[in-house]
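**Student:** Here it is, the structure in full.
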Amino acid sequence: MASSLLTSCDNDDIGSGNNDSEMVSVKYAATGAINTYHVIRANYVDYSAGHNVPDTDYWIPGTNEMSFSAAFSEDKDALTGWYFQFYIEKYKDTADGSIKEYTGLADLHVGTHLVISSRNLFYCLEGGNIDDAVYGASDPHGDVIVKSIIGKNITLELVNFSFKRYGSEYDTIINGVIEYIPD
1 MASSLLTSCD NDDIGSGNND SEMVSVKYAA TGAINTYHVI RANYVDYSAG HNVPDTDYWI
61 PGTNEMSFSA AFSEDKDALT GWYFQFYIEK YKDTADGSIK EYTGLADLHV GTHLVISSRN
121 LFYCLEGGNI DDAVYGASDP HGDVIVKSII GKNITLELVN FSFKRYGSEY DTIINGVIEY
181 IPD
């Protein structure tokens, strides 16, 4: 059934965070190319207890997760670019190193390692509708570490964060620091 669901890469809801001074490097293992992009937008949505599911006025129990979305472009003034999205449902506790279920923003602290879900992991050009079973990414590896939390803004460091795109046997690898603002 998942293959029949359409997910849009035309995401006007990414947010208006001004991250134009932030840069990420993206290595495409299939070609060996490494591109450097400006982060033109980055936001997150917290679906933990007490938060509404987007486009509805109700909360669905058991949806304790967080969605992080960003757009990258070679031009810092671009309106669209590469759309990058991932979800977390778990994190690595900084005190004892155990993997725990995400229950809310209070779980995250500087140094927390996020456990990335393969569900709703995307890296695609913005502007078109895609079938997530065909175009979604999978097999996430590497580290995503909370660098800071200032107010509700969360800064994450991606260290050799890799995934396989569109059923490819080659990894796409992202490195960089991104500040996400709440949506």
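Using the numbering used here, the letters of the sequence shown map in sequence onto residues 1 to 183. Backbone N, C-alpha and C fix where the C-beta goes; we use that ideal spot for every residue, glycine too. In this text, all values refer to a predicted model and were calculated from it rather than measured experimentally.
Can you name, in chain order, every residue of its own chain whose Cβ lies under 8 Å from the Cβ of E101, other than the five neighbours on each side?
**Tutor:** In the sequence shown, the residue the question calls residue 101 occupies position 101. Cβ neighbours of E101 beyond the five flanking positions: N64, E89 and K90.
**Student:** Restricting to Cα atoms, I'd like to know which of N35, K92, F163 and K147 is closest to P157.
**Tutor:** Your numbering for residue 157 matches position 157 in the sequence shown. The amino acid occupying residue 157 in the given sequence is Glu; Pro does not appear at that position. For E157, the nearest C-alpha among the options comes from K147.
**Student:** Tell me the residue span of the beta strand (DSSP E) that contains K100.
**Tutor:** As a first step, residue 100 is located in the sequence shown; it is residue number 100 there, counting from the start. Unbroken beta strand (DSSP E) run through K100: I99 to E101.
**Student:** Label T184 either buried or exposed according to how many other C-beta atoms from any shown protein chain fall within 10 Å of its C-beta, with 16 as the threshold for buried.
**Tutor:** For the chain, the structure presents residues 1 to 183; residue 184 sits outside this window and is missing.
**Student:** If I follow the unbroken beta strand (DSSP E) through S48, where does it start and stop?
**Tutor:** Start at 1 with the first residue of the sequence shown, and residue 48 comes out as number 48. Premise fails: S48 is in no beta strand (DSSP E) and is neither H nor E.
**Student:** Would you please state the rounded distance, in angstroms, between the beta carbons of Y170 and A29? I believe it to be under 8 Å.
**Tutor:** As a working note, residue 170 is residue 170 in the sequence shown. As a working note, residue 29 is residue 29 in the sequence shown. Their Cβ separation, rounded to whole angstroms, is 4 Å, which keeps Y170 and A29 in contact under 8 Å.
**Student:** Please determine, among D93, I150 and D139, the residue with the shortest C-alpha to C-alpha distance to F122.
**Tutor:** One-based indexing of the sequence shown puts residue 122 at position 122. The candidate whose alpha carbon is nearest that of F122 is D139.
**Student:** So for L79, helix, strand or coil by DSSP?
**Tutor:** Indexing the sequence shown from 1 puts residue 79 at position 79. Coil.
**Student:** Taking buried to mean at least 16 other C-beta atoms within 10 Å of its own C-beta, is E179 buried or exposed?
**Tutor:** On the sequence shown, position 179 is the one that residue 179 refers to. Classification of E179: buried, given that the 10 Å Cβ count is 16 or more.
**Student:** For K152 and L105, what's the separation of their Cα atoms in angstroms?
**Tutor:** By one-based count along the sequence shown, residue 152 stands at place 152. By one-based count along the sequence shown, residue 105 stands at place 105. Answer to the nearest angstrom: the Cα atoms are 9 Å apart.
**Student:** In the DSSP assignment, what residue or residues form a beta bridge with P182?
**Tutor:** As a first step, residue 182 is located in the sequence shown; it is residue number 182 there, counting from the start. Bridge partners of P182: Y44.
**Student:** Let me check understanding here. Comparing Cα to Cα, which of L108, G176, F161 and Y83 lies closest to A95?
**Tutor:** Position 95 of the sequence shown, counted from the start, is the residue given in the question as residue 95. Ranking L108, G176, F161 and Y83 by Cα distance to A95 puts L108 first.
**Student:** For the beta strand (DSSP E) that H113 lies in, which residues bound it at each end?
**Tutor:** Along the sequence shown, read from residue 1 onward, the residue named residue 113 stands at position 113. Counting along the chain, the beta strand (DSSP E) containing H113 begins and ends at H113 to L125.
**Student:** So, for A137: in the same chain, excluding its five sequence neighbours on each side, which residues have a beta-carbon less than 7 Å away from its beta-carbon?
**Tutor:** As a position in the sequence shown, residue 137 is number 137, starting the count at 1. Closer than 7 Å at the Cβ level, and outside the excluded window around A137, lie L121, F122, Y123, F163, K164 and R165.
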